[in-house]
Amino acid sequence: MNIYKYAMKMEKDSENYYNELANKTDDAGLRNILKMLASDEVKHYNIIEQMIKTDVSAELAETS
């Protein structure tokens, strides 16, 4: 697994974790914070996804 795919998995796992916690709490303020954190993880995931799409260096052949 390359570093980008690993990072994307970590972001997705974090999003799921925050959403799970948000769904378990009765505290509206805490729920709001957890939902915001989950939303940030989605943004991070999308940033990494965009980095993969624009990383042309991975396409270049090695030279000696």
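Taken in order, the sequence shown gives residues 1 to 64; the numbers are from full-length UniProt numbering. Note that the Cβ used here is the ideal one computed from N, Cα and C, for glycine as well. Because the structure is a prediction, the values reported are computed rather than measured.
Hey, which unbroken runs of the alpha helix (DSSP H) at 4 residues or more fall wholly within the UniProt domain "Rubrerythrin diiron-binding" (5-52)? none
Report yes if the C-beta distance between TYR45 and GLU11 is below 8 Å; otherwise report no. On the sequence shown, residue 45 is found 45 positions in, with the first residue counted as 1. On the sequence shown, residue 11 is found 11 positions in, with the first residue counted as 1. Yes. Within cutoff.
How should ILE47 be labelled, buried or exposed, when 16 other C-beta atoms within 10 angstroms of its C-beta is the threshold for buried? Taking the sequence shown and counting its residues from 1, one reaches residue 47 at position 47. The residue is exposed, with fewer than 16 neighbouring Cβ atoms inside 10 Å.
Buried versus exposed call for MET36 [16 or more other C-beta atoms within 10 Å across all chains shown]: As a first step, residue 36 must be located in the sequence shown, where it is residue number 36. Burial call: exposed.
Supposed close pair GLU49, SER14 - CB separation, criterion 8 Å: Numbered from its first residue, the sequence shown carries residue 49 at position 49. Numbered from its first residue, the sequence shown carries residue 14 at position 14. At roughly 15 Å, the Cβ-Cβ gap does not stay under 8 Å, so GLU49 and SER14 are not in contact.
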